[in-house]
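By the working numbering, the letter at position 54 of the sequence shown is numbered 41, and the numbering carries on one by one without gaps.
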Amino acid sequence: MRDFSNDHSWLSINTATVRKQKGVETPLPRIIEQCAARGIRAISPWRDQVAAVGLPQIRAQLRDTGIALSGYCRGGFFTGSTAQSRQAALDDNRHAMDEAKALDAPCLVLVVGALPGALEGSPHYKDIARARGEVRDGIAASLAYAREIGMPLAIEPLHPMQAADRACINTLAHALDLCDELDPTDDHTTPAMLGVALDVYHVWWDPALQSQIARAGKRRLMAYHVCDWRLPTRHLLSDRAMMGDGVIELRKIRGWVEAAGYAGYSEVEIFSEMDWWQRPGGQVLDVCIERHREVV
-12 MRDFSNDHSW
-2 LSINTATVRK
8 QKGVETPLPR
18 IIEQCAARGI
28 RAISPWRDQV
38 AAVGLPQIRA
48 QLRDTGIALS
58 GYCRGGFFTG
68 STAQSRQAAL
78 DDNRHAMDEA
88 KALDAPCLVL
98 VVGALPGALE
108 GSPHYKDIAR
118 ARGEVRDGIA
128 ASLAYAREIG
138 MPLAIEPLHP
148 MQAADRACIN
158 TLAHALDLCD
168 ELDPTDDHTT
178 PAMLGVALDV
188 YHVWWDPALQ
198 SQIARAGKRR
208 LMAYHVCDWR
218 LPTRHLLSDR
228 AMMGDGVIEL
238 RKIRGWVEAA
248 GYAGYSEVEI
258 FSEMDWWQRP
268 GGQVLDVCIE
278 RHREVV
């Protein structure tokens, strides 16, 4: 297992971690500046942050600062109550792949979607099996273009508490089943076009986690996200803890991930409306560096 204690070369910052401090949106160029000043070598930006500034400007700034991407957030949300809404999702995912390719992202992270309308509080239907079928079909349709432009897709299984509104793929095993079905190969040296983004916040509880990480292997493990599970959790979406302030066995899980062949970034992704989003962004980044060395 790699030793992170002496530097933060393999730390990446998901820009959600520092995008909204004390209710004020931090522009993506400022986040990139703050990361570059601290020797942080990678980020994972969100599409709306890139759009607010312009893709050419962000691409140029990344090139000038030498900062790479550990992933791009996000594609997915394939479900819909009509054929037109599902096609619109496919079109949007095509645009997301183009953006990810232009920014040299290693993968486009997929939050796959769930019951359409649930995020607004009124699901159009309650058939989760139907939603899972629409997700499967949406990923299958998107893979053709992903292969054409060479942009891998990474399914992010989300905690079951978000099965109704954000993602109806909730275990690593389910995500890998889809990978094996839609992107099969017996040649394990060929790069996968469909893999997983493993976020410890969503999967730490899974009794099959170690065996499924081993099953995923180097081919399927495309991104690795870290934070911690706070006790008590005050909000299921936006009360993640800083690494070391919760109950997740972070070093043990990274050991499993690296034993499976993953050698990329540990990407810090913290949604924290009541804590870390209330602090100055620079301070948050400094603590991320410290905890990356001490507990990740």
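We treat Cβ as the ideally placed atom computed from N, Cα and C, and that holds for glycine.
Computed from a predicted model, the values in this text were never measured in an experiment.
Residue burial classification, residue i (beta-carbon count within 10 angstroms, cutoff 16)
i: A195; result: exposed
i: R(-11); result: exposed
i: A87; result: buried
i: Q21; result: buried
i: R278; result: buried
Three-state class that DSSP yields for residue i in the structure shown
i: R(-11); result: coil
i: D(-3); result: Correcting the residue type first, residue -3 is Trp in the shown sequence and not Asp. Coil.
i: G204; result: helix
i: L77; result: helix
i: D215; result: strand
i: S259; result: strand
i: S225; result: coil
i: R61; result: strand
i: M84; result: helix
i: M209; result: strand
i: L169; result: helix
i: S72; result: helix
i: I27; result: coil
Anticipated Cβ contact below 8 Å, residue i with residue j, distance rounded
i: P93; j: S57; result: 7 Å
i: Y252; j: S(-1); result: 4 Å
i: M148; j: L90; result: Going by Cβ atoms, the distance from M148 to L90 rounds to 31 Å, so no, they are not a contact pair.
i: V282; j: L237; result: 6 Å
i: R134; j: L163; result: With a Cβ gap of about 19 Å, R134 and L163 do not count as contacting.
i: I200; j: W216; result: No, I200 and W216 are not in contact; Cβ-Cβ is about 18 Å, not under 8 Å.
i: V255; j: T4; result: 6 Å
i: A154; j: A101; result: 6 Å
i: L159; j: D193; result: 7 Å
8 Å CB neighbourhood of residue i in its chain, flanking five on each side removed
i: V11; result: none
i: A83; result: R34, Y59, R61, G62 and L95
i: P16; result: V40, Q44, I45 and Q48
i: A179; result: P139, C166, D170, T172, R206, R207 and M209
Close beta carbons around residue i, own chain, < 7 Å, minus the five adjacent residues each side
i: M209; result: P93, C94, P139, A141, G182, V183 and A184
i: A23; result: T52 and I54
i: R280; result: F(-9), S(-8) and H(-5)
i: A70; result: none
i: R28; result: S(-4), I54 and A55
i: K9; result: Q265
i: R221; result: M261
i: D186; result: E143, H212 and E256
i: G269; result: Q21
i: V271; result: T4, V5 and W263
Cβ neighbours of residue i in the same chain (closer than 6 Å, five flanking residues each side left out)
i: Y260; result: In the sequence as presented, Tyr is not what sits at residue 260; that position holds Glu. Correct list, in chain order: S225.
i: R6; result: T13
i: G242; result: M(-12)
i: G104; result: P110 and H111
i: V37; result: I45
i: A118; result: T66, A101, L102 and C155
Tell me whether the region 42 to 50 and the region 94 to 107 touch, counting them as touching only if at least three CB pairs, one residue from each stretch, are closer than 8 Å.
no
If contact is defined by three or more beta carbon pairs under 8 Å, each pair taking one atom from either stretch, is the region 161 to 177 in contact with the region 225 to 234?
no
Validate contact between the region 117 to 137 and the region 159 to 169 using beta carbons, cut 8 Å, 3 pairs:
yes
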